[in-house]
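Participant:
Residue numbers (the numbering used here), protein chains in the order written: chain A, 1 to 168; chain B, 1 to 286.
#1: Can you pull the chain B residues whose beta carbon is under 7 Å from the beta carbon of residue 73 of chain A, in chain order?
#2: So what does residue 183 of chain B bridge to, in DSSP terms?
#3: I need the straight-line Cα distance from residue 166 of chain A to residue 92 of chain A, nearest angstrom please.
#4: Looking at the structure shown, is residue 120 of chain B part of a helix, part of a strand, or coil, going by DSSP?
#5: If I follow the unbroken beta strand (DSSP E) through residue 222 of chain B, where does it start and stop?
#6: Whose C-alpha, out of B:236, B:252, B:237, is nearest the C-alpha of residue 243 of chain B?
#7: Residue 203 of chain B: which of B:223, B:212, B:180, B:9 sits nearest, CA to CA?
#8: Can you tell me whether residue 109 of chain A is buried or exposed, with buried defined as 16 or more other CB within 10 angstroms of its CB?
#9: Would you mind sorting residue 216 of chain B into buried or exposed? The rule is 16 or more other CB atoms within 10 Å of its CB.
#10: DSSP three-state label for residue 170 of chain B, please.
#11: Report the three-state DSSP secondary structure of residue 271 of chain B (helix, strand or coil).
#12: Quick one: give me the first and last residue of the beta strand (DSSP E) that residue 242 of chain B is part of.
#13: For residue 257 of chain B, name the three-state secondary structure that DSSP assigns.
#14: Please confirm whether residue 88 of chain A has its beta-carbon closer than 9 Å to some beta-carbon of chain B.
#15: So, is the C-beta of residue 120 of chain A closer than 9 Å to a C-beta in chain B?
#16: How is the alpha helix (DSSP H) around residue 40 of chain B delimited, first residue to last?
#17: Of all Cβ atoms in chain B, is any one closer than 9 Å to the Cβ of residue 52 of chain A?
#18: Applying the criterion that 16 or more other CB atoms from any shown protein chain within 10 Å of the CB defines a buried residue, is residue 114 of chain B buried or exposed?
#19: Just to confirm, is the Cβ distance from residue 158 of chain B to residue 64 of chain B under 9 Å?
#20: Kindly indicate which three-state DSSP category residue 5 of chain B falls into: helix, strand or coil?
#21: With 16 other CB atoms within 10 Å as the buried threshold, where does residue 170 of chain B fall?
#22: Using three-state DSSP, classify residue 39 of chain A as helix, strand or coil.
#23: Please decide whether residue 26 of chain B counts as near chain A, where near means a Cβ-Cβ distance under 9 Å.
#24: Do you know offhand how far residue 118 of chain A's Cα is from residue 199 of chain B's?
#25: Once you ignore the five residues that flank residue 135 of chain A on each side, which residues in its own chain have a CB closer than 6 Å to its CB?
#26: Using the C-alpha atoms, what's the distance from residue 54 of chain B back to residue 72 of chain B?
#27: What does residue 16 of chain A touch in chain B if you count any residue whose Cβ is under 9 Å from its own?
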């Protein structure tokens, strides 16, 4: 149920994002809302469920971009695993910390995407330029994650607790 | 074997989910993907949502703009009437020039053939990644759209159709995409070049132009028609930041696209060769 809801949300976010980005005319940077879903899965979902969810979200991003197959599913599963490892040390159950984690994930995700694009690009063109928009992209991702936090919490009401803390 | 699998089941599945897409990506390189059944289903679901959102936002914006436009409408009307008179005079002169052109063309024995009409389309979305620059239009295979069709606005070249999407839509790869390459000519000096997309919303790069070739800032770049996709003479953009490094074989320059790619709403799709001009007789009539 949570898997279907996560994938459905990702599909909705991507559809909205593609239209809103065009309306705002954002060319240099994009708002990667689906990354917040992957990070949320890394923090809250079980390993298998989360890995499948992250793969499905990455697959959707792949379909929407329409370019080389496999890059975004790989990055989504990798981001999920990194977040999952990090969740052993940091308990990001507060909105601010979750947003911070999403911003950091956007930076890592962007750097890896640029690296792999450069790796397979015939001339390596566009890599440096796409990196210049990365800080703004990370900031926007963090802001969107903070805004989405109440909605995402509803996906996993069982793991809610009243007191949020840095350490477990 | 089975017990081993059961023991490491989780690790193996997660490993496969990580490795499989990476191997697929590295083996397919920079090539685009052709939509499979799942892709088509996803795009089939998302295209109506995109249309609905685009329609809603544009009608709201249209309503607001329409209200704001009423302010000062009378002054604007007067200006428009004056402009219309001037334009009519220009149009008459152009009709004369066209008629003269046709007479001369007939005298030289040339005929102009238009293969297919151009197709208008509305932009309904952009892709979700900053690394690959494309947008989605509301015309698909059923409307006569073909992969590779040139896409432009009245300002200049926009890109080319890269794939179809189920539900009467198609994706357009912009000329700023890192995978885009256009055969080009500098309009003033007729120097041949290649306009290469730099990605990330940056200006295009001018490629394959020799150090000593006649190219200066502000030169207009047009399509050469040699790439088999774009007809000759479409405006690509203006050359800027021309630099010539010592001992380099080629010069460096950027191209600012003529079309505002960040504010596209409607585009035109051309057949690969819009117009061909063929001589009907080998020698000029005397």
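For glycine and all other residues, C-beta sits at the position ideal for the given N, C-alpha and C.
Facilitator: The relevant details are as follows:
#1: For the purposes of this step, residue 73 of chain A is taken as residue 73 along the first chain, with counting starting at 1. 21, listed in chain order.
#2: Here residue 183 of chain B corresponds to residue number 183 of the second chain, with the count starting at 1. Per DSSP, B:194.
#3: Counted from its first residue, the first chain places residue 166 of chain A at position 166. Counted from its first residue, the first chain places residue 92 of chain A at position 92. Its pLDDT being 48, under 50, residue 166 of chain A is placed unreliably by the model, and the measurement read from it follows with that caveat. Answer to the nearest angstrom: the Cα atoms are 7 Å apart.
#4: Taking the second chain and counting its residues from 1, one reaches residue 120 of chain B at position 120. Here residue 120 of chain B sits in strand by DSSP.
#5: Against the second chain, residue 222 of chain B aligns to sequence position 222. Looking at the DSSP string, the run of the beta strand (DSSP E) that includes residue 222 of chain B is 220-223.
#6: As a first step, residue 243 of chain B must be located in the second chain, where it is residue number 243. Minimum Cα distance to residue 243 of chain B is reached at B:252.
#7: To locate residue 203 of chain B, count along the second chain from 1; it is residue 203. Nearest C-alpha to residue 203 of chain B: B:180.
#8: Taking the first chain and counting its residues from 1, the one referred to as residue 109 of chain A is at position 109. Result: buried.
#9: Walking along the second chain from the start, residue 216 of chain B turns up at place 216. Counting Cβ neighbours within 10 Å, residue 216 of chain B comes out exposed, since fewer than 16 surround it.
#10: The residue you call residue 170 of chain B lines up with position 170 of the second chain. Residue state, collapsed to three classes: strand.
#11: Here residue 271 of chain B corresponds to residue number 271 of the second chain, with the count starting at 1. Correct three-state label for residue 271 of chain B: coil.
#12: For the purposes of this step, residue 242 of chain B is taken as residue 242 along the second chain, with counting starting at 1. Residues 235-243.
#13: Residue 257 of chain B sits at position 257 when you count from the first residue of the second chain. If DSSP states are grouped into helix, strand and coil, residue 257 of chain B belongs with the strands.
#14: Against the first chain, residue 88 of chain A aligns to sequence position 88. It does not; no Cβ of chain B falls within 9 Å.
#15: One-based indexing of the first chain puts residue 120 of chain A at position 120. Residue 120 of chain A counts as touching chain B.
#16: For the purposes of this step, residue 40 of chain B is taken as the residue at position 40 of the second chain. Segment 37-69, the alpha helix (DSSP H) holding residue 40 of chain B.
#17: The count along the first chain starts at 1 and reaches residue 52 of chain A at position 52. At least one chain B Cβ lies under 9 Å of residue 52 of chain A.
#18: For this step, residue 114 of chain B is matched to residue 114 along the second chain. With a pLDDT of only 46 at residue 114 of chain B, under the threshold of 50, the placement of this residue in the model should not be trusted; the figure read from the coordinates follows. Counting Cβ neighbours within 10 Å, residue 114 of chain B comes out exposed, since fewer than 16 surround it.
#19: For the purposes of this step, residue 158 of chain B is taken as the residue at position 158 of the second chain. For the purposes of this step, residue 64 of chain B is taken as the residue at position 64 of the second chain. No, Cβ-Cβ distance for residue 158 of chain B and residue 64 of chain B is not below 9 Å.
#20: Position 5 of the second chain, counted from the first residue, corresponds to residue 5 of chain B. Helix at residue 5 of chain B.
#21: Residue mapping note: residue 170 of chain B aligns to position 170 of the second chain, counting from 1. It is buried - the Cβ of residue 170 of chain B has at least 16 other Cβ atoms within 10 Å.
#22: In the first chain, the residue the question calls residue 39 of chain A occupies position 39. DSSP places residue 39 of chain A in helix when its eight states are reduced to three.
#23: Locating residue 26 of chain B in the second chain gives position 26, counting from the first residue. Output row for residue 26 of chain B: interface = yes.
#24: Along the first chain, read from residue 1 onward, the residue named residue 118 of chain A stands at position 118. Along the second chain, read from residue 1 onward, the residue named residue 199 of chain B stands at position 199. If you take the alpha carbons of residue 118 of chain A and residue 199 of chain B, they lie about 11 Å apart.
#25: As a first step, residue 135 of chain A is located in the first chain; it is residue number 135 there, counting from the start. Around residue 135 of chain A: no qualifying Cβ.
#26: Residue mapping note: residue 72 of chain B aligns to position 72 of the second chain, counting from 1. Residue mapping note: residue 54 of chain B aligns to position 54 of the second chain, counting from 1. Using only the alpha carbons, I get a separation of about 28 Å.
#27: Position 16 of the first chain holds residue 16 of chain A. Near residue 16 of chain A (Cβ distances below 9 Å), the residues of chain B are 49, 50, 53.
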